[in-house]
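K.L.:
Per UniProt numbering, the very first residue in the sequence shown carries number 1; after that it's consecutive.
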Amino acid sequence: MLDHRIIEKKWQNYWYKNNVFQTTDSSKKKFYILDMFPYPSASGLHLGHPIGYTASDIVARFKRLNGFDVLHPMGWDAFGLPAEQYAIKTGNHPGGFTKKNIKNFKKQIISFGFSYDWNKEVNTSDPEFYEQTQWIFKLLYKANLAEIRDVEVNWCPELGTVLANEELKRDKNGNFVSERGNFPVVLKKMKQWVLKITEYAQKLLDGLDDVSFPDSLKTLQRKWIGKSEGWKVKFPFKNKEGFLEIFTTRIETFYGVSFLAISPLHSFAQELAKKNAEISQFIKRNSFLSPKLQSKTTGIFTNLYVKHPLNSCKIPIYIANYVINDYASSAIMGVPAHNLNDLEFARIFKINYISVINSENLLINSAEFNGKNSEKAKNLIFEKLKSMNLAEKSITFRLKDWVFSRQRYWGEPFPVYFDETGKIYLEEKIVKLPYKDKITPSGDMQSPLASIKDWVFFEKDGKTYRRETNTMPQWAGSSWYYLAFILKEKDKYLKLNTKPAFEKFQKWLPVDLYIGGQEHAVGHLIYSRFWHKVLFEAGVVPNSEPFKKIIHQGMLLGPDGQKMSKSKGNVINPSQVIEEYGADSVRLFLMFMGPISENRIWDENGLKSIYNWIQRVIRTILTDYEIEESLEKDHEFTYFFNNFVFEITALIESFKFNVAISKLMAYINFLNKKQKIPSKKYLTDFLIIFSVFAPHIAEELLEKLGEKPLNLQSWPQFDKSKIVKYTYNLPVSVNGKNRAILELNEAKSKDEIIEIAKKDCKIRKYLNGMQISKVIFIPKKILNFIVKSI
Numbered sequence: 001m002l003d004h005r006i007i008e009k010k011w012q013n014y015w016y017k018n019n020v021f022q023t024t025d026s027s028k029k030k031f032y033i034l035d036m037f038p039y040p041s042a043s044g045l046h047l048g049h050p051i052g053y054t055a056s057d058i059v060a061r062f063k064r065l066n067g068f069d070v071l072h073p074m075g076w077d078a079f080g081l082p083a084e085q086y087a088i089k090t091g092n093h094p095g096g097f098t099k100k101n102i103k104n105f106k107k108q109i110i111s112f113g114f115s116y117d118w119n120k121e122v123n124t125s126d127p128e129f130y131e132q133t134q135w136i137f138k139l140l141y142k143a144n145l146a147e148i149r150d151v152e153v154n155w156c157p158e159l160g161t162v163l164a165n166e167e168l169k170r171d172k173n174g175n176f177v178s179e180r181g182n183f184p185v186v187l188k189k190m191k192q193w194v195l196k197i198t199e200y201a202q203k204l205l206d207g208l209d210d211v212s213f214p215d216s217l218k219t220l221q222r223k224w225i226g227k228s229e230g231w232k233v234k235f236p237f238k239n240k241e242g243f244l245e246i247f248t249t250r251i252e253t254f255y256g257v258s259f260l261a262i263s264p265l266h267s268f269a270q271e272l273a274k275k276n277a278e279i280s281q282f283i284k285r286n287s288f289l290s291p292k293l294q295s296k297t298t299g300i301f302t303n304l305y306v307k308h309p310l311n312s313c314k315i316p317i318y319i320a321n322y323v324i325n326d327y328a329s330s331a332i333m334g335v336p337a338h339n340l341n342d343l344e345f346a347r348i349f350k351i352n353y354i355s356v357i358n359s360e361n362l363l364i365n366s367a368e369f370n371g372k373n374s375e376k377a378k379n380l381i382f383e384k385l386k387s388m389n390l391a392e393k394s395i396t397f398r399l400k401d402w403v404f405s406r407q408r409y410w411g412e413p414f415p416v417y418f419d420e421t422g423k424i425y426l427e428e429k430i431v432k433l434p435y436k437d438k439i440t441p442s443g444d445m446q447s448p449l450a451s452i453k454d455w456v457f458f459e460k461d462g463k464t465y466r467r468e469t470n471t472m473p474q475w476a477g478s479s480w481y482y483l484a485f486i487l488k489e490k491d492k493y494l495k496l497n498t499k500p501a502f503e504k505f506q507k508w509l510p511v512d513l514y515i516g517g518q519e520h521a522v523g524h525l526i527y528s529r530f531w532h533k534v535l536f537e538a539g540v541v542p543n544s545e546p547f548k549k550i551i552h553q554g555m556l557l558g559p560d561g562q563k564m565s566k567s568k569g570n571v572i573n574p575s576q577v578i579e580e581y582g583a584d585s586v587r588l589f590l591m592f593m594g595p596i597s598e599n600r601i602w603d604e605n606g607l608k609s610i611y612n613w614i615q616r617v618i619r620t621i622l623t624d625y626e627i628e629e630s631l632e633k634d635h636e637f638t639y640f641f642n643n644f645v646f647e648i649t650a651l652i653e654s655f656k657f658n659v660a661i662s663k664l665m666a667y668i669n670f671l672n673k674k675q676k677i678p679s680k681k682y683l684t685d686f687l688i689i690f691s692v693f694a695p696h697i698a699e700e701l702l703e704k705l706g707e708k709p710l711n712l713q714s715w716p717q718f719d720k721s722k723i724v725k726y727t728y729n730l731p732v733s734v735n736g737k738n739r740a741i742l743e744l745n746e747a748k749s750k751d752e753i754i755e756i757a758k759k760d761c762k763i764r765k766y767l768n769g770m771q772i773s774k775v776i777f778i779p780k781k782i783l784n785f786i787v788k789s790i
């Protein structure tokens, strides 16, 4: 019995010593396979990570064996709030803490035998890396895509920083708190750096037509961008001067309006809050920007009304939490009969409503527009409102400009500074993060950097200048890191805006396959696609989309069927299972549990079964077979081998790894029934294929068979002419009476089978002198000739 601990260490050392997975540049075929790089947390790698990593490793190894230049890198999303919070609590610098975590993460990743090119390793907290993050920011600023703006942000006093919507949740009392630490969060208006991603909204939408993303991902991205073509309509206030402007995509339902609703952050709502404590309290509880955080639909009546422009009806105005802040006019017309959200709201507040479109799609209860088709009515109602100067066509997007400031120490510094008047200047060189022993929140809504006065303020040409003390969000490094992997050469990076860099990009872009979790389906991918398009328009990269194909791996659930977490006590330690069962067993099990995109439940008994099967593989391969070359002509051998290679190649190319593993099992079953084989290639070629799933055992068994290591091998080829399935028996009848049974193979067509039957000696005598009036053929079931005398 082979000891997996010894074998794994042996071959991992061999791969590292011989730089086996170094990115090559010798083929016209290339494949860039990328994992969403991890944040190196103190808890280390969990078994959810290797689902995606194993899948990407299978593809990387497969492509190398097929003669591709392969770029398969790994790196670290090293800036971020957790390291900063640890530093604040312990008094340690976050850099040392992060390096320790990276060392642990890397050790765990290597233990799985993943074929990463560690020469390409990147770290977003490395000044060599974030120097180029700063270069991209300066490019955005020069293109008028970055500015300082007063914006409403999620401020967490305890953490001393702004939080993204994705970093919030509700506590048991319905209040908004930070996802990390459960600290209270309030809405504040602050001066923040903002990136104008909305200017690229249409381009981000159009680009989705050019990429191979899952339909669910495209839907999420389109929903996040949220393009709507509709109309802005003004409703005059009743008993008050002015108008309330709403946005609608269904102007044909205009006569069905029974209320108007505005968002909690609408300027009119804010104005009312100053005079009304109840409204003010409602806004505080419901003004956060993320729809996912809404616990239920609710609202508050303003005690104000508008007048319907076309029928003068009195319409109440509500503030409602289901109206999205900063989307279009942040105000809607409520038409309960034709909108489910409006209907729910109307039922809560007992608002009467009417239907204005019947089942035939014709308008009713709509004055002179009654009987009109809704499509035609849209234009007619709009034209009438337009003639009253109350309506205009409008295109709007749900996508918001990207708030890009964080009040943190542990992040990329901005390459800007200000003079005494507030004028902005761009730094020409890198702005390095100054070293600070004890990180403490400023207490005045600034970054901890604000306390390092000799860094913040500096003299130049007799004037005093001030550096930006906010840092960039964690999204910054992850928005371009896939380019950094291409640029990384030993310990240095090629500069982004150079000819050598462009030539590298021409070879490797776009990323051919990107594997990562569904949780990054929107934020990260929208942001990185935005930056890439800016770089494309600046001539830095040769294409407009960064990622060609994306796969989301499913989640690994605990043995109890729930998401793994320390609090539930259902976390599985990867180091422990590797120690007991071996990395190859874990890799195979994670892939065999189901399709890559589906969730799976951890089952140690299943892992034991895979471990036992690997022992069977070892015994089968090391069996002392008798070599008999004449068996090459054996139909069973030639079919089974060629079909095995053909099928498993197709399955890997279509990412059906669980089915591919079942084919490996079938092949071992086939070999187990044999004492003789045509040649040793029936063993070595199996091991080469097996290696993409279980590389350590495959390497060891190849060596024991006297074969070269995997980096000197090629993917087995199959003979297309021999991909013929087993024969089957087909009963052949004449006028319903069985006259013969033909042995046929599955490659034969209907016409070929009929001709074979006609020539068969047993059947031919019943057809001689007869006319075939009808042929009844049911594939693999029966062939019946209906004949009559000539």
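We put the beta carbon where it would ideally sit given N, CA and C, even for glycine.
Under 8 angstroms, do glycine 422 and methionine 36 count as touching if we go by C-beta distance?
P.N.:
On the sequence shown, residue 422 is found 422 positions in, with the first residue counted as 1. On the sequence shown, residue 36 is found 36 positions in, with the first residue counted as 1. No.
K.L.:
From tyrosine 16 to serine 115, what distance separates their C-alpha atoms?
P.N.:
Translated into positions along the sequence shown, residue 16 becomes position 16. Translated into positions along the sequence shown, residue 115 becomes position 115. Distance between the alpha carbons of tyrosine 16 and serine 115 is about 10 angstroms.
K.L.:
Between glutamate 158 and the rest of its own chain, which residues show a CB-CB distance below 6 angstroms, the 5 nearest in sequence each way excluded?
P.N.:
Residue numbering aside, residue 158 sits at position 158 when the sequence shown is read from its first letter. Same-chain partners within the cutoff: Phe183.
K.L.:
Anyone know if the C-beta pair for phenylalanine 536 and serine 544 falls short of 8 angstroms?
P.N.:
Walking along the sequence shown from the start, residue 536 turns up at place 536. Walking along the sequence shown from the start, residue 544 turns up at place 544. It is a contact, given that the beta carbons lie within the stated cut-off.
K.L.:
Is proline 336 closer than 8 angstroms to alanine 346 when the C-beta atoms are compared?
P.N.:
Here residue 346 corresponds to residue number 346 of the sequence shown, with the count starting at 1. Here residue 336 corresponds to residue number 336 of the sequence shown, with the count starting at 1. Cβ distance < 8 angstroms, so alanine 346 and proline 336 count as in contact.
K.L.:
For lysine 774, which beta-bridge partners are listed by DSSP?
P.N.:
Position 774 of the sequence shown holds residue 774. Ile786.
K.L.:
What residue does the alpha helix (DSSP H) around leucine 340 start on, and which one ends it?
P.N.:
For the purposes of this step, residue 340 is identified with residue 340 of the sequence shown, where counting begins at 1. Unbroken alpha helix (DSSP H) run through leucine 340: 340 to 348.
K.L.:
If we count the other Cβ atoms within 10 Å of its Cβ and call it buried at 16 or more, is asparagine 325 buried or exposed?
P.N.:
For this step, residue 325 is matched to residue 325 along the sequence shown. It is buried - the Cβ of asparagine 325 has at least 16 other Cβ atoms within 10 Å.
K.L.:
Determine the extent of the beta strand (DSSP E) in which residue 791 is found, giving its start and end residues.
P.N.:
The structure shown does not extend to residue 791, since the chain is modelled only from 1 through 790, so no value can be given for it.
K.L.:
Can you name the residues that DSSP bridges to proline 413?
P.N.:
For this step, residue 413 is matched to residue 413 along the sequence shown. BP columns for proline 413 point to Thr471.
K.L.:
For aspartate 150, name the three-state secondary structure that DSSP assigns.
P.N.:
In the sequence shown, residue 150 corresponds to position 150, counting from 1. Residue state, collapsed to three classes: strand.
K.L.:
Run through the DSSP bridge pairs and tell me what leucine 744 is partnered with.
P.N.:
Your numbering for residue 744 matches position 744 in the sequence shown. DSSP lists Tyr728 as partners of leucine 744.
K.L.:
DSSP three-state call for residue 804: helix, strand or coil?
P.N.:
No information on residue 804 is available, as it lies outside the stretch 1 to 790 that the chain covers here.
K.L.:
Shortest alpha-carbon distance to lysine 432 belongs to which of Ile110, Pro413 and Lys674?
P.N.:
Against the sequence shown, residue 432 aligns to sequence position 432. The option with the nearest alpha carbon to lysine 432 is Pro413.
K.L.:
Going by other Cβ atoms of all chains shown within 10 Å of its Cβ, with 16 needed for buried, is serine 263 buried or exposed?
P.N.:
As a first step, residue 263 is located in the sequence shown; it is residue number 263 there, counting from the start. Serine 263 should be labelled buried.
K.L.:
Does DSSP classify glutamine 192 as helix, strand or coil?
P.N.:
As a first step, residue 192 is located in the sequence shown; it is residue number 192 there, counting from the start. Strand, per DSSP.
K.L.:
Can you name, in chain order, every residue of its own chain whose Cβ lies under 6 angstroms from the Cβ of tyrosine 353, other than the five neighbours on each side?
P.N.:
By 1-based counting over the sequence shown, the position of residue 353 is 353. The answer, listed in chain order, is Ser258, Pro336, Ala337 and Ala346.
K.L.:
Please report how far the alpha carbon of residue 798 lies from the alpha carbon of alanine 583, in whole angstroms.
P.N.:
This structure cannot speak to residue 798, because the chain is shown only from 1 to 790.
K.L.:
If we define contact as Cβ-Cβ less than 8 angstroms, is histidine 520 a contact residue for chain D?
P.N.:
The chain labelled as chain D is not found in the depicted structure, where only one protein chain is given.
K.L.:
Pull up the CB-CB distance for proline 397 and threonine 198, whole angstroms please, since I reckon it's below 8 angstroms.
P.N.:
Working through the sequence shown from its first residue, we reach residue 397 at position 397. Working through the sequence shown from its first residue, we reach residue 198 at position 198. What sits at residue 397 in the sequence shown is phenylalanine, not proline. Correct: roughly 6 angstroms between the Cβ atoms.
K.L.:
Taking its Cβ as the centre, do 16 or more other Cβ atoms sit within 10 Å of threonine 623, making it buried, or is it exposed?
P.N.:
Locating residue 623 in the sequence shown gives position 623, where the first residue counts as 1. Threonine 623 should be labelled exposed.
K.L.:
Measure the beta-carbon distance from valine 541 to histidine 532 and round it to whole angstroms, keeping in mind my assumption that it falls under 8 angstroms.
P.N.:
Position 541 of the sequence shown holds residue 541. Position 532 of the sequence shown holds residue 532. Confirmed, about 6 angstroms.
K.L.:
In whole angstroms, give me the CA-to-CA distance for isoleucine 102 and asparagine 123.
P.N.:
Here residue 102 corresponds to residue number 102 of the sequence shown, with the count starting at 1. Here residue 123 corresponds to residue number 123 of the sequence shown, with the count starting at 1. When rounded, the distance between both Cα atoms is 9 angstroms.
K.L.:
Would isoleucine 786 pass as a contact of asparagine 735 if the rule is Cβ separation under 8 angstroms?
P.N.:
As a position in the sequence shown, residue 786 is number 786, starting the count at 1. As a position in the sequence shown, residue 735 is number 735, starting the count at 1. Taking 8 angstroms as the Cβ cut-off, isoleucine 786 and asparagine 735 qualify as a contacting pair.
K.L.:
Are at least three pairs of beta-carbons, each pair with one atom in the region 392 to 412 and one in the region 268 to 280, less than 8 angstroms apart?
P.N.:
Segments in contact, no.
K.L.:
Taking 8 angstroms as the limit between beta carbons, can you name the residues of its chain near leucine 631, skipping five residues before and five after?
P.N.:
The count along the sequence shown starts at 1 and reaches residue 631 at position 631. Closer than 8 angstroms at Cβ, skipping near neighbours: Phe637, Lys676, Ile677 and Pro678.
K.L.:
By how many angstroms is the C-alpha of tyrosine 625 removed from the C-alpha of alanine 740?
P.N.:
Walking along the sequence shown from the start, residue 740 turns up at place 740. Walking along the sequence shown from the start, residue 625 turns up at place 625. Approximately 40 angstroms, taken between the alpha carbons.
K.L.:
Tell me whether isoleucine 689 sits in a helix, a strand or coil according to DSSP, three-state version.
P.N.:
Along the sequence shown, one-based indexing puts residue 689 at 689. Reduced to three states, the DSSP call for isoleucine 689 is helix.
K.L.:
Determine the extent of the alpha helix (DSSP H) in which alanine 328 is found, giving its start and end residues.
P.N.:
Here the question's residue 328 lines up with position 328 in the sequence shown. Where alanine 328 is concerned, there is no enclosing alpha helix (DSSP H), given that its DSSP letter is neither H nor E.
K.L.:
So, do the region 38 to 48 and the region 96 to 111 have three or more beta carbon pairs nearer to each other than 8 angstroms?
P.N.:
In short, these stretches touch, since the Cβ pair count reaches three.
K.L.:
When DSSP labels each residue in this structure, what does asparagine 373 get in the three-state scheme?
P.N.:
Indexing the sequence shown from 1 puts residue 373 at position 373. Here asparagine 373 sits in strand by DSSP.
K.L.:
What span of residues does the beta strand (DSSP E) with histidine 552 cover, start to end?
P.N.:
On the sequence shown, position 552 is the one that residue 552 refers to. Counting along the chain, the beta strand (DSSP E) containing histidine 552 begins and ends at 550 to 552.
K.L.:
Give every residue of the same chain whose Cβ lies closer than 8 angstroms to the Cβ of glutamine 85, excluding the five residues on either side of it in the sequence, and list them in chain order.
P.N.:
The count along the sequence shown starts at 1 and reaches residue 85 at position 85. Same-chain partners within the cutoff: Leu159, Arg180 and Gly181.
K.L.:
Quickly, what does DSSP pair glycine 334 with across the bridge? List them, please.
P.N.:
Stepping through the sequence shown from its first residue, residue 334 is reached at position 334. For glycine 334, which the question treats as bridged, DSSP gives the partners Phe259.
K.L.:
Note the first and the last residue of the continuous beta strand (DSSP E) segment covering glutamate 98.
P.N.:
On the sequence shown, position 98 is the one that residue 98 refers to. Checking the displayed sequence, the identity of residue 98 turns out to be threonine instead of glutamate. That residue, threonine 98, is in no beta strand (DSSP E); its alpha helix (DSSP H) goes 94 to 111.
K.L.:
Under the three-state reduction of DSSP, which class applies to proline 291: helix, strand or coil?
P.N.:
Along the sequence shown, one-based indexing puts residue 291 at 291. Note that proline 291 scores 47 on pLDDT, short of 50, meaning its location in the model is unreliable and no value can be drawn from it.
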